[in-house]
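>
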Amino acid sequence: MYILFDEAGKLQTGRLLSEAESSLQVELDSGKRLKVKSAHVLLRFEKPAPAQLMPAAAALAGTMELDLAYEFAPEEDFGFEELAREYFSPQAGTEQLVAAMICLHGAPHYFRRAGKGRFRKAPPDILAQALAAIEKKKQVQARIDTWAGELLAGRCPPEVREQLYRILFRPDKNAPEYKAVVEASRQGRLAPLALLERAGAITSAYEFHWQRFLFDQFPRGTGFPPLPAPVIDEELPLAPVQAFSIDDSHTTEIDDALSLQGLGTGTVTLGIHIAAPGLAIRPDDPLDQVARQRLSTVYMPGHKITMLPDAVVQACTLEAGRDCPAVSLYLRIDEASLQVIDSRTVLERVPIACNLRHDRLDDIITTDWLAGAPAAPAAPVEVEHLRPTLGFLHRLALHLKAGREQVRGKPETFTRPDYSFRLEGVKGEQPDGSETVHIGTRRRGEPLDLMVAEAMILANSTWGQWLADCGVPGIYRSQASLSPGVKVRMGTRAQPHAGIGVRCYAWSTSPLRRYVDLVNQWQIIACARFGKTAALAAPFKPKDASLLSVLSAFDAAYSAYGAFQSGMERFWTLRYLHQERIGELTATLVRDNLVRADMLPLVLPVLGAEGLPRGAHVRVRLGAIDEIALDVSGTVVERLDLQADLPPDAAGDGEEGEEGDDDTLSAPLHLAIDVEEAATEGAATPAAD
Numbered sequence: 160m161y162i163l164f165d166e167a168g169k170l171q172t173g174r175l176l177s178e179a180e181s182s183l184q185v186e187l188d189s190g191k192r193l194k195v196k197s198a199h200v201l202l203r204f205e206k207p208a209p210a211q212l213m214p215a216a217a218a219l220a221g222t223m224e225l226d227l228a229y230e231f232a233p234e235e236d237f238g239f240e241e242l243a244r245e246y247f248s249p250q251a252g253t254e255q256l257v258a259a260m261i262c263l264h265g266a267p268h269y270f271r272r273a274g275k276g277r278f279r280k281a282p283p284d285i286l287a288q289a290l291a292a293i294e295k296k297k298q299v300q301a302r303i304d305t306w307a308g309e310l311l312a313g314r315c316p317p318e319v320r321e322q323l324y325r326i327l328f329r330p331d332k333n334a335p336e337y338k339a340v341v342e343a344s345r346q347g348r349l350a351p352l353a354l355l356e357r358a359g360a361i362t363s364a365y366e367f368h369w370q371r372f373l374f375d376q377f378p379r380g381t382g383f384p385p386l387p388a389p390v391i392d393e394e395l396p397l398a399p400v401q402a403f404s405i406d407d408s409h410t411t412e413i414d415d416a417l418s419l420q421g422l423g424t425g426t427v428t429l430g431i432h433i434a435a436p437g438l439a440i441r442p443d444d445p446l447d448q449v450a451r452q453r454l455s456t457v458y459m460p461g462h463k464i465t466m467l468p469d470a471v472v473q474a475c476t477l478e479a480g481r482d483c484p485a486v487s488l489y490l491r492i493d494e495a496s497l498q499v500i501d502s503r504t505v506l507e508r509v510p511i512a513c514n515l516r517h518d519r520l521d522d523i524i525t526t527d528w529l530a531g532a533p534a535a536p537a538a539p540v541e542v543e544h545l546r547p548t549l550g551f552l553h554r555l556a557l558h559l560k561a562g563r564e565q566v567r568g569k570p571e572t573f574t575r576p577d578y579s580f581r582l583e584g585v586k587g588e589q590p591d592g593s594e595t596v597h598i599g600t601r602r603r604g605e606p607l608d609l610m611v612a613e614a615m616i617l618a619n620s621t622w623g624q625w626l627a628d629c630g631v632p633g634i635y636r637s638q639a640s641l642s643p644g645v646k647v648r649m650g651t652r653a654q655p656h657a658g659i660g661v662r663c664y665a666w667s668t669s670p671l672r673r674y675v676d677l678v679n680q681w682q683i684i685a686c687a688r689f690g691k692t693a694a695l696a697a698p699f700k701p702k703d704a705s706l707l708s709v710l711s712a713f714d715a716a717y718s719a720y721g722a723f724q725s726g727m728e729r730f731w732t733l734r735y736l737h738q739e740r741i742g743e744l745t746a747t748l749v750r751d752n753l754v755r756a757d758m759l760p761l762v763l764p765v766l767g768a769e770g771l772p773r774g775a776h777v778r779v780r781l782g783a784i785d786e787i788a789l790d791v792s793g794t795v796v797e798r799l800d801l802q803a804d805l806p807p808d809a810a811g812d813g814e815e816g817e818e819g820d821d822d823t824l825s826a827p828l829h830l831a832i833d834v835e836e837a838a839t840e841g842a843a844t845p846a847a848d
């Protein structure tokens with residue numbers, strides 16, 4: 160005796176061994192024995208044996224026309240035996256009974272289960288919907304198969320191309336375009352990216368990297384909603400100074416300017432003037448929501464995504480020839496000892512006399528020129544007029560730097576140049592990857608850089624301490640020590656920053672470009688207005704959860720933006736290798752099998768460096784360049800130095816401080832990784848805001 164039974168929704172057959180009141184012992188063809196409940200038994204039969212019955216019944220079930228079976232089936236609940244007798248014949252045999260059961264069991268859109276071995280016809284309207292869905296699914300699957308075939312043949316269907324970046328970066332896994340790529344990848348045994356490259360879907364490596372960044376950070380695009388430029392309706396006093404800024408020629412967000420009064424009197428007053436969007440933008444207003452969503456300006460060669468709309472930037476930037484609203488820090492300094500006597504903060508309008516562009520003045524404003532030597536070429540009149548002021552600021556900057564180095568316990572060393580990228584042939588608002596790239600170098604620690612860097616460090620540390628003294632929370636950057644592995648942290652408490660060598664450090668000097676600076680400016684404005692009672696009036700109170708939320712969001716966004724900047728600078732460096740047909744270059748071994756190119760912002764893995772000491776100078780032959788993966792490798796072909804033991808800093812290792820405040824210092828490749836984080840990695844950079 161054999162039985163047909165339902166085991167967890169699966170039809171099975173077996174030989175009956177024994178039977179109790181409510182269960183049976185059954186042996187399957189495999190030899191496995193099961194205990195089956197009597198309620199699960201559908202059919203008992205003597206022959207044929209299950210090994211012959213099931214294949215034959217399944218084949219017969221495959222010939223049954225479901226529409227015809229649906230017509231033959233009774234309107235009320237029915238058993239599979241009834242359908243078999245209606246469909247085949249009143250004397251339906253075991254094979255036909257089992258075929259009917261298999262047919263009913265496998266067509267839930269036609270027949271619904273109504274009990275053990277019993278079914279009910281689906282209502283006609285429900286059946287019609289189900290059949291339409293099945294047909295649609297078949298059509299979709301047919302499209303998937305067609306698209307997958309085209310991809311395997313090296314062609315990209317237009318439908319897949321339209322969804323390319325969504326498929327790669329933020330896929331809808333139920334979308335047929337995505338399924339087609341997955342299926343083709345499986346059949347072709349290729350990674351999806353490699354498959355799409357081969358099919359010609361990715362025609363621009365630059366666009367690939369750009370779209371990936373937009374999908375991650377700007378899914379709604381980089382445009383701004385229509386917002387009016389802010390108006391500062393507060394009456395501000397006019398400062399009795401003539402201030403000047405020092406920035407790169409491409410800088411539009413001019414955040415900071417300097418002024419000096421009393422030179423030659425024994426006590427000078429240094430003014431550090433910071434653009435004041437915090438006087439026009441209020442917490443939680445529409446402009447604040449835009450800035451809080453972006454959190455920082457994004458830099459890349461040839462383009463940038465600003466934190467604030469251009470109209471806002473133009474209303475607040477410290478442009479020459481205007482009296483600009485500013486938050487000014489005035490420090491009285493002893494002219495001989497260069498010691499800071501006291502400081503005060505003022506909300507005012509500051510006359511901006513000129514905007515100096517250091518990329519045009521580095522060859523003029525040198526250490527010798529500041530000491531009185533004539534410039535070659537000759538300095539412009541307005542610059543020559545500033546020579547005494549710039550000379551004092553340079554002397555002060557060297558003094559401040561030396562003081563920080565004493566606190567650090569070791570000097571800052573600048574062993575690598577800064578790199579700048581200039582793109583030629585940009586046709587639209589941003590590059591498309593086909594432009595000619597020029598990579599320039601600039602020695603670190605140039606006088607103008609040093610003046611701005613030290614002034615911004617002085618402002619950020621002074622204001623950070625002032626916030627703490629007033630009991631007003633701010634957003635600080637701190638580093639417990641210079642020991643390897645001790646990273647820079649962000650927090651709301653004033654703590655030492657060992658990497659810079661200051662008691663505390665609160666970013667406050669770039670409110671047009673960094674949201675934490677804008678937040679700190681609001682807090683500083685409250686202190687300027689209310690002094691020791693500012694804690695009651697400041698927008699953010701002690702232990703304010705929203706301040707912690709800003710801190711966390713900014714940290715994540717700033718890291719992501721920095722990684723993108725690094726990637727785009729590496730992309731243009733690889734393009735430069737192609738463009739200049741560079742097949743070999745000289746480099747310095749950083750560690751293990753990594754080398755740093757001497758004249759380009761490029762670190763790459765190499766073969767043949769085994770056994771060479773750190774800092775060894777080598778010639779490297781470059782391999783294939785992959786602009787999608789941003790990958791290039793090389794092989795050491797020659798060692799160029801003969802030193803057996805090189806100094807520890809020969810590979811450019813040292814401690815890092817904070818990075819620069821202006822666009823020049825925001826653009827180069829070495830700034831793509833937060834230099835504070837690199838303190839455990841290597842070479843020092845000028846400590847700046």
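First residue of the sequence shown: 160, per the working numbering; consecutive thereafter.
Ideal placement from N, C-alpha and C gives every residue a C-beta, glycine not left out.
Nothing here was measured: the structure is a model prediction, and the numbers come from that model.
So what does DSSP say about Gln250, is it helix, strand or coil?
Position 91 of the sequence shown, counting from 1, holds the residue named residue 250. Three-state result, Gln250: coil.
> When the distance is taken between beta carbons, is Asp415 closer than 8 Å to His517?
If you number the sequence shown from 1, residue 517 lands on position 358. If you number the sequence shown from 1, residue 415 lands on position 256. Contact: no.
> Looking at C-alpha atoms only, which residue of Asn752, Ala775 and Asp757 is the closest neighbour of Ser792?
Residue 792 sits at position 633 when you count from the first residue of the sequence shown. The candidate whose alpha carbon is nearest that of Ser792 is Asn752.
> Please report the straight-line C-alpha distance between Ala273 and Arg279, rounded to a whole angstrom.
Position 114 of the sequence shown, counting from 1, holds the residue named residue 273. Position 120 of the sequence shown, counting from 1, holds the residue named residue 279. Ala273 and Arg279: Cα-Cα distance of roughly 6 Å.
> Where do the N-terminal and C-terminal ends of the alpha helix (DSSP H) with Gly267 fall, by residue?
Here residue 267 refers to the residue found at position 108 of the sequence shown. Going by the sequence as given, residue 267 is Pro instead of Gly. Pro267 -> no alpha helix (DSSP H), and no H or E assigned at all.
> Using the C-alpha atoms, what's the distance from Val457 back to Gln724?
By 1-based counting over the sequence shown, the position of residue 724 is 565. By 1-based counting over the sequence shown, the position of residue 457 is 298. Straight-line Cα distance between these residues: approximately 8 Å.
> With a 10 Å radius around its C-beta and 16 neighbouring C-beta atoms as the bar for buried, classify Ser177 as buried or exposed.
As a working mapping, residue 177 is identified with position 18 in the sequence shown. Under this definition Ser177 is an exposed residue.
> If I measure Cβ to Cβ from Ala534 and keep anything under 6 Å in the same chain, skipping five residues before and after, which residues do I get?
As a working mapping, residue 534 is identified with position 375 in the sequence shown. Once the five neighbours on either side are set aside, the close Cβ partners of Ala534 are Ile523 and Trp528.
> Whole angstroms are fine: how far does the CA of Phe580 sit from the CA of Trp731?
As a first step, residue 731 is located in the sequence shown; it is residue number 572 there, counting from the start. As a first step, residue 580 is located in the sequence shown; it is residue number 421 there, counting from the start. Cα-Cα distance, rounded: 8 Å.
> So is Ile492 buried or exposed if we call it buried at 16+ other beta carbons inside 10 Å?
Taking the first residue of the sequence shown as position 1, residue 492 is located at position 333. Per the 10 Å Cβ criterion, buried.
> Using a Cβ-Cβ cut-off of 7 Å (strictly less than) and excluding sequence neighbours within five positions of Gln103, which residues of its own chain qualify?
What is shown of the chain runs 160 to 848, which leaves residue 103 out entirely.
> Which residues in the same chain as Pro590 place their Cβ atom closer than 7 Å to its Cβ, once the five residues preceding and following it in sequence are excluded?
Position 431 of the sequence shown, counted from the start, is the residue given in the question as residue 590. Result list for Pro590: Tyr365, Gly461, His462 and Leu582, in chain order.
> In whole angstroms, what is the alpha-carbon distance linking Phe237 and Leu187?
The residue you call residue 237 lines up with position 78 of the sequence shown. The residue you call residue 187 lines up with position 28 of the sequence shown. Roughly 28 Å separates the two Cα atoms.
> Between the segment 493-502 and the segment 434-443, do at least 3 Cβ pairs fall closer than 8 Å?
Judged by Cβ distances under 8 Å, the segment 493-502 makes no contact with the segment 434-443, as fewer than three pairs qualify.
> My parser needs the alpha helix (DSSP H) runs of 4 or more residues fully inside the segment 400-454; what are they?
Entirely contained in the segment 400-454, the alpha helix (DSSP H) runs reaching 4 residues are, in chain order, 445-453.
> Label Ile162 either buried or exposed according to how many other C-beta atoms from any shown protein chain fall within 10 Å of its C-beta, with 16 as the threshold for buried.
For the purposes of this step, residue 162 is taken as the residue at position 3 of the sequence shown. Burial call: buried.
> Bridge partners of Gly721, per DSSP?
As a working note, residue 721 is residue 562 in the sequence shown. According to DSSP, which records beta bridges pairwise, Gly721 is partnered with nothing at all.
> Taking Cβ to Cβ, would you say Leu256 is nearer than 8 Å to Phe239?
Taking the sequence shown and counting its residues from 1, one reaches residue 256 at position 97. Taking the sequence shown and counting its residues from 1, one reaches residue 239 at position 80. Yes. Within cutoff.
> Can you round the beta-carbon distance between Val765 and Glu797 to whole angstroms, since I take them to be within the 8 Å contact cut?
Within the sequence shown, residue 765 is the residue found at index 606, counting from 1. Within the sequence shown, residue 797 is the residue found at index 638, counting from 1. Going by Cβ atoms, the distance from Val765 to Glu797 rounds to 12 Å, so no, they are not a contact pair.
> Which residues in the same chain have their Cβ closer than 8 Å to the Cβ of His199, if we skip the five residues on either side of it in sequence?
As a working mapping, residue 199 is identified with position 40 in the sequence shown. So the list reads Phe164, Asp165, Glu166 and Lys275, once near-sequence residues are dropped.
> Can you check the segment 541-605 for any alpha helix (DSSP H) of at least 4 residues that lies completely inside it and give the ranges in chain order?
DSSP runs (the alpha helix (DSSP H)) wholly in the segment 541-605: 546-567.
> Can you tell which of Ala474, Gly550, Met459 and Leu419 has the C-alpha that lies nearest to the C-alpha of Pro399?
The sequence position of residue 399 within the sequence shown is 240, counting from 1. The option with the nearest alpha carbon to Pro399 is Leu419.
> Please report how far the alpha carbon of Trp625 lies from the alpha carbon of Ala657, in whole angstroms.
Within the sequence shown, residue 625 is the residue found at index 466, counting from 1. Within the sequence shown, residue 657 is the residue found at index 498, counting from 1. Rounded to whole angstroms, Trp625 to Ala657 spans 19 Å at the Cα level.
> Go ahead and pull the three-state DSSP assignment for Asp820.
Against the sequence shown, residue 820 aligns to sequence position 661. Interpretation of Asp820 is limited by its pLDDT of 36, a score under 50 that renders its predicted location unreliable; no figure is taken from the coordinates.
> Take the Cβ of Gln638 as the centre, count every other Cβ of all protein chains shown within 10 Å, and call the residue buried at 16 or more, exposed below.
The residue given as residue 638 occupies position 479 in the sequence shown. Classification for Gln638: buried.
> Among the residues of its own chain, which have a CB less than 8 Å from the CB of Cys686, if the five just before and after it don't count?
One-based indexing of the sequence shown puts residue 686 at position 527. Once the five neighbours on either side are set aside, the close Cβ partners of Cys686 are Thr504, Trp625, Leu626, Cys629, Val631, Ala693 and Ala697.
> His432: which of Leu422, Pro445 and Leu417 sits nearest, CA to CA?
Locating residue 432 in the sequence shown gives position 273, counting from the first residue. Ranking Leu422, Pro445 and Leu417 by Cα distance to His432 puts Leu417 first.
> Can you tell me whether Gln322 is helix, strand or coil according to DSSP?
The residue given as residue 322 occupies position 163 in the sequence shown. Gln322 falls in the coil class under three-state DSSP.
> Can you look up Pro510 in the DSSP assignment and give me helix, strand or coil?
By 1-based counting over the sequence shown, the position of residue 510 is 351. Looking at Pro510 - three-state DSSP - the assignment turns out to be strand.
> Does DSSP put Ser487 in a helix, a strand or coil?
Your numbering for residue 487 matches position 328 in the sequence shown. Strand, per DSSP.
> Pick out whichever of Asn619, Thr172, Phe713 and Pro214 has its Cα sitting closest to the Cα of Gln654.
In the sequence shown, counting from the first residue as 1, residue 654 sits at position 495. The option with the nearest alpha carbon to Gln654 is Asn619.
> Can you tell me which of Glu541, Lys569, Tyr735 and Ala614 puts its alpha carbon nearest to the alpha carbon of Arg554?
Here the question's residue 554 lines up with position 395 in the sequence shown. Of the listed residues, the one whose Cα sits closest to Arg554 is Ala614.
> If you follow the alpha helix (DSSP H) that His517 is in, where does it begin and where does it stop?
As a working mapping, residue 517 is identified with position 358 in the sequence shown. Here the alpha helix (DSSP H) through His517 covers His517 to Leu520.
> Counting only runs of 4+ residues fully inside the segment 347-405, write out the alpha helix (DSSP H) ranges in chain order.
351-357 and 364-376, all fully within the segment 347-405.
> Drop a sphere of 10 angstroms on the beta-carbon of Met223, count the other beta-carbons inside from all chains shown, and report buried for 16 or more, exposed for fewer.
Along the sequence shown, one-based indexing puts residue 223 at 64. Its Cβ being crowded by 16 or more others within 10 Å, Met223 is buried.
> Can you tell me whether Thr305 is buried or exposed? The criterion is at least 16 other CB atoms within 10 Å of its CB, across all chains shown.
Walking along the sequence shown from the start, residue 305 turns up at place 146. That one is exposed.
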